[in-house]
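Chemist:
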Amino acid sequence: MNIGMFQATPIQSISENLNNNTFFIKRDDLLPLSFGGNKARKAVLFFEDLMREESDCVVTYGSSSSNHCRIIANIAAVKNIPCHIISPSESSHPTSNSKMIELFGALVTLCPLAEVNITIERKLVELKEQGYKPYFIQGGGHGDIGTQAYVNAYEEILEYERVSGMKFDYIFHTTGTGTTQAGLVCGKLLHGDKREIVGISNARKNPYGGQVVLDSVNSYFINIGKVPITTEEIIFIDDYVLSGYGFYNQQILKTIKEVLINDGIPMDTTYTGKAFWGMKEYIKNNQINGNKVLFIHTGGTPLFFDNLEELMNE
Ligand SMILES: *Cc1c(COP(=O)(O)O)cnc(C)c1O
C-alpha cells in the first residue's frame, strides 16, 4: 500500500442550525487509512520521516483505547516492521482499538502510568542493543511533525474556501494533546487570517492545556524561523471536560444520536461527540449568531462502536 497519497478530506454542510449559524464538518474521519482521523493524518508524516531516517522499528505509547496506537500499529504492519507500544496498565481494558492493535501484531508492554517514561527509555536501549534503529513517536503523534499535519489540513480548508467562494468565521475541533490545534493556529497565522480557531478540550484544563498548544505553536515557528507568539492567540476551552478524560453525560449521547440520525455521521463520547456538544454550549453561551462554522471531525470511529450499546439505551 502506498500511504501518503491523500486528497483533501470532504467538507459537507449539516442540518444543525443553532442560532441561525450554518454548520459544516470537515471529514478527517474519512482519511483512507485505518479508520482515518487526525492520528492518521499525523502518522503518515511520521512514517515518511521514519523512512527518511531508515529506521527499522517503531516505538510509541498510549492507552488501550488509543486511536494513535491503532494507526501506528497498522502502518507498521503494512511496512512489515516491528511496532512496540508502551501502555499504562491503569487503562488497559479491551476496546476495539486494543483488539486491532493485537491483530496487527504490535508488541505491547504494560507498565504503571508513573513508569511509562522509564519503560520507553529501557525499550529504546534494548532495541539498539539488539541492533535495531528504533524510531520514537510521542503519544498522540505530538511534536512538530504532528503540527505540520494540521498546517496541511488548514491549507485544505483555504483551498475549499477559494473554490467555493465562502469563508468560515469559526473553526471548532476537539483538542487533546494540542497538536491538531497548534497546526491549525500555525496555518492561520502563516496565512494572516483573522477567524477564530476554538479548541474544545476533552480532558485537559487550563493553564496547562493551553500552554501545551502555545509551546507546540512556538516550537514549530522557531523551527521555521518565525517569531514566537503569545497566549492570546490560543482559544483553549476547558469548560466542557466534565470530570476529565472519558467522562460524558446524557446530553453528549443525545448530541451523538442527533448527528448520526440527521446527517449520518458517527461520533464518539471521548472526543468528537463531546466536543460537538461543547461547541454548541459555547455557541449558546457566547451568543454566536448567523456565522459560518466549521467543525473538524478528528476521527475515532472505532470508539463509536465501543459506545453503541449506551447510544441504543439513551
Ligand atoms: C487524539 C484525538 C484528538 C485530539 O487531538 P490532539 O492533536 O491530541 O489534540 C481528537 N479527536 C480524536 C478522535 C483523537 O483520537
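Each residue of the sequence shown is one higher than the last, beginning at 289 in my numbering. Even for Gly, the Cβ is constructed at its ideal location relative to N, Cα and C.
So is Gly-513 buried or exposed if we call it buried at 16+ other beta carbons inside 10 Å?
Modeler: Your numbering for residue 513 matches position 225 in the sequence shown. Classification of Gly-513: exposed, given that the 10 Å Cβ count is below 16.
Chemist: Taking the alpha carbon of Leu-318 as the point to measure from, which residue in Phe-312, Val-515, Thr-519 and Gln-295 has its own alpha carbon closest?
Modeler: For this step, residue 318 is matched to residue 30 along the sequence shown. With distances taken between Cα atoms, Leu-318 lies closest to Gln-295.
Chemist: Report, in whole angstroms, the separation of the C-beta atoms of Met-567 and Phe-456, which I expect to be a contact under 8 Å.
Modeler: Indexing the sequence shown from 1 puts residue 567 at position 279. Indexing the sequence shown from 1 puts residue 456 at position 168. The Cβ separation is near 13 Å, so there is no contact.
Chemist: Taking C-alpha atoms, which residue in Asn-506, Ala-491, Thr-586 and Tyr-442 lies nearest to Arg-483?
Modeler: Residue numbering aside, residue 483 sits at position 195 when the sequence shown is read from its first letter. Ranked by Cα distance from Arg-483, the first of Asn-506, Ala-491, Thr-586 and Tyr-442 is Tyr-442.
Chemist: What is the DSSP secondary structure of Thr-468, counted as helix, strand or coil?
Modeler: Here residue 468 corresponds to residue number 180 of the sequence shown, with the count starting at 1. Residue state, collapsed to three classes: helix.
Chemist: Would you check whether ligand 1 has a heavy atom nearer than 7 Å to the C-beta of Tyr-536?
Modeler: Working through the sequence shown from its first residue, we reach residue 536 at position 248. Flag unset: Cβ of Tyr-536 not near ligand 1.
Chemist: In whole angstroms, what is the alpha-carbon distance linking Leu-415 and Ile-313?
Modeler: On the sequence shown, position 127 is the one that residue 415 refers to. On the sequence shown, position 25 is the one that residue 313 refers to. Distance between the alpha carbons of Leu-415 and Ile-313: 42 Å.
Chemist: Nearest-angstrom Cα distance between Glu-602 and Cys-371?
Modeler: The residue you call residue 602 lines up with position 314 of the sequence shown. The residue you call residue 371 lines up with position 83 of the sequence shown. Distance between the alpha carbons of Glu-602 and Cys-371 is about 38 Å.
Chemist: DSSP puts Arg-315 in a beta bridge; with which residues?
Modeler: On the sequence shown, residue 315 is found 27 positions in, with the first residue counted as 1. Among the bridge pairs identified by DSSP, Arg-315 is matched with His-585.
Chemist: In this structure, does DSSP put Tyr-508 in helix, strand or coil?
Modeler: The residue given as residue 508 occupies position 220 in the sequence shown. Three-state result, Tyr-508: helix.
Chemist: Indicate the three-state DSSP secondary structure (helix, strand or coil) for Gln-300 in the structure shown.
Modeler: As a working mapping, residue 300 is identified with position 12 in the sequence shown. In this structure, Gln-300 counts as strand in the three-state DSSP scheme.
Chemist: Can you find a C-beta in chain C that's less than 8 Å from the C-beta of Asn-579?
Modeler: Annotation note: the requested chain C is absent from the structure, which comprises a single protein chain.
Chemist: Comparing the CB of Thr-539 with every heavy atom of ligand 1, is any distance shorter than 7 Å?
Modeler: By 1-based counting over the sequence shown, the position of residue 539 is 251. In the sequence under discussion, the amino acid at residue 539 is Gln, which differs from the Thr named in the question. Incorrect: Gln-539 has no Cβ contact closer than 7 Å to ligand 1.
Chemist: Is it true that the CB of Ile-485 sits closer than 8 Å to the CB of Leu-472?
Modeler: Stepping through the sequence shown from its first residue, residue 472 is reached at position 184. Stepping through the sequence shown from its first residue, residue 485 is reached at position 197. Contact: yes.
Chemist: By how many angstroms is the C-alpha of Ile-523 removed from the C-alpha of Gly-487?
Modeler: Along the sequence shown, read from residue 1 onward, the residue named residue 487 stands at position 199. Along the sequence shown, read from residue 1 onward, the residue named residue 523 stands at position 235. Computed Cα separation, rounded: 6 Å.
Chemist: Would you identify the three-state DSSP class for Ile-363, choosing helix, strand or coil?
Modeler: Against the sequence shown, residue 363 aligns to sequence position 75. In this structure, Ile-363 counts as helix in the three-state DSSP scheme.
Chemist: Among Thr-560, Leu-391, Asp-551 and Glu-341, which one has its Cα closest to the Cα of Ile-584?
Modeler: Locating residue 584 in the sequence shown gives position 296, counting from the first residue. The option with the nearest alpha carbon to Ile-584 is Thr-560.
Chemist: Looking at the structure shown, is Tyr-438 part of a helix, part of a strand, or coil, going by DSSP?
Modeler: As a working note, residue 438 is residue 150 in the sequence shown. Here Tyr-438 sits in helix by DSSP.
Chemist: Compute the minimum distance between the beta carbon of Tyr-559 and the heavy atoms of ligand 1, and state whether it is under 7 Å.
Modeler: One-based indexing of the sequence shown puts residue 559 at position 271. Yes, since a heavy atom of ligand 1 falls inside the 7 Å radius drawn around the Cβ of Tyr-559.
Chemist: Can you look up Ser-489 in the DSSP assignment and give me helix, strand or coil?
Modeler: Your numbering for residue 489 matches position 201 in the sequence shown. Three-state result, Ser-489: strand.
Chemist: In angstroms with no decimal places, state the Cα-to-Cα distance between Thr-557 and Val-547.
Modeler: Numbered from 1 along the sequence shown, position 269 holds the residue referred to as residue 557. Numbered from 1 along the sequence shown, position 259 holds the residue referred to as residue 547. Cα to Cα, the separation comes out at about 13 Å.
Chemist: Under 8 Å: do the segment 300 to 309 and the segment 396 to 413 share three or more Cβ pairs, one atom per stretch?
Modeler: no
Chemist: For a test of the three-state rule: what should DSSP assign to Thr-310, helix, strand or coil?
Modeler: One-based indexing of the sequence shown puts residue 310 at position 22. Looking at Thr-310 - three-state DSSP - the assignment turns out to be strand.
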